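Participant:
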Amino acid sequence: MYGNVGLSTPRGSGTNGYVVRNLSFIRTRKDTTQFESLEESKSKASSLLNRKPNQDILDHEKKRQVEIQCIKYRQKLEDEGKYKETEIEDLVNKQRQKLLSTLDKMKDEKNIQEHQVHQLSQAKATENEKMMRALGIKRQDYVEGAAFDRDLQEQKKRDHLNNEKQMRGNLVNYNFMEYIGINKIP
Numbered sequence: 001m002y003g004n005v006g007l008s009t010p011r012g013s014g015t016n017g018y019v020v021r022n023l024s025f026i027r028t029r030k031d032t033t034q035f036e037s038l039e040e041s042k043s044k045a046s047s048l049l050n051r052k053p054n055q056d057i058l059d060h061e062k063k064r065q066v067e068i069q070c071i072k073y074r075q076k077l078e079d080e081g082k083y084k085e086t087e088i089e090d091l092v093n094k095q096r097q098k099l100l101s102t103l104d105k106m107k108d109e110k111n112i113q114e115h116q117v118h119q120l121s122q123a124k125a126t127e128n129e130k131m132m133r134a135l136g137i138k139r140q141d142y143v144e145g146a147a148f149d150r151d152l153q154e155q156k157k158r159d160h161l162n163n164e165k166q167m168r169g170n171l172v173n174y175n176f177m178e179y180i181g182i183n184k185i186p
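Take the sequence shown: its position 1, counting from 1, is numbered 1 in full-length UniProt numbering, and each next residue is one higher.
#1: Name, in chain order, the residues that DSSP records as bridge partners for residue 66.
#2: In terms of residue numbering, what span does the alpha helix (DSSP H) encompassing residue 123 cover?
#3: Pull up the distance between the alpha-carbon of residue 69 and that of residue 96, whole angstroms please.
#4: Using a 10 Å radius around the Cβ and a threshold of 16 neighbouring Cβ atoms, would you call residue 122 buried or exposed?
#5: Mind checking whether residue 14 and residue 7 have CB atoms under 7 Å apart?
#6: Do you know how far the Cα of residue 147 is from the Cα of residue 138?
#7: Can you find the residues in the same chain that come closer than 7 Å, C-beta to C-beta, to residue 118, ignoring five residues on each side of it along the sequence?
#8: Output the distance between the C-alpha atoms of residue 81 and residue 87, rounded to the nearest integer angstrom.
#9: Quick check on the DSSP output: the alpha helix (DSSP H) that includes residue 90 runs from which residue to which?
#10: For residue 99 and residue 163, what's the separation of their Cα atoms in angstroms?
#11: Kindly indicate which residue of 160, 65, 120, 72 has the alpha-carbon position closest to the one of residue 102.
#12: What's the gap between the Cα of residue 73 and the Cα of residue 84?
#13: Does the separation of the CB atoms of residue 5 and residue 20 fall below 7 Å?
Next up, the structure:
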């Protein structure tokens, strides 16, 4: 017997006393995974990727930064001790108005924390816009997933080949006309 499992003595049991596991036992799975359909997963992914940042939250965050700067400015003025309370209040209000007037021009910081979801989505949107401009993709022409649509790709390929044939034909006509001495293309 080992670990209080099995026979205390194998004498008279007709066995050697070793405990082996039941190989015919089929365990039931407790955690069966429910897979969602491809359309559901695509819709969830696209909704997460294309979520627009809430402009009110972004504006609030910028105003919060302005207030933090005003508090630091107020603390600095109070530490200097040159001004009265009313003068400090006036100077802080002027500084606040100056900062609020440049609120739209304020650049978002590059070190965005992962809990700042709206700043992250805005940064991602500007990054996507830059990438689309770099690759020459026009927003109105772009259809998500069009690269995987075989029928559409075949149609584009045929259109491209037809345009290429037409351009070659025009070039041959132009070269022929130039060869025979006609300078103008009708």
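Just so you know, even glycine gets a beta-carbon here, dropped at the ideal spot from N, CA and C. Quick caveat: nothing in here was measured; it's all calculated off a predicted structure.
Facilitator: Reading off the structure:
#1: Answer is none; residue 66 lacks a bridge partner.
#2: It spans 117-135 - the alpha helix (DSSP H) in which residue 123 sits, taken as one unbroken run.
#3: Taking the straight line joining both Cα atoms gives about 8 Å.
#4: Classification of residue 122: buried, given that the 10 Å Cβ count is 16 or more.
#5: No.
#6: Put simply, the backbone Cα of residue 138 is about 15 Å away from that of residue 147.
#7: Answer for residue 118: 53, 54, 57, 58, listed in chain order.
#8: Taking the straight line from one Cα to the other gives about 11 Å.
#9: Here the alpha helix (DSSP H) through residue 90 covers 85-101.
#10: Roughly 56 Å between the two C-alpha positions.
#11: For residue 102, the nearest C-alpha among the options comes from 65.
#12: A straight line joining the alpha-carbon of residue 73 with that of residue 84 spans about 14 Å.
#13: Residue 5 is not a Cβ neighbour of residue 20, given a cutoff of 7 Å.
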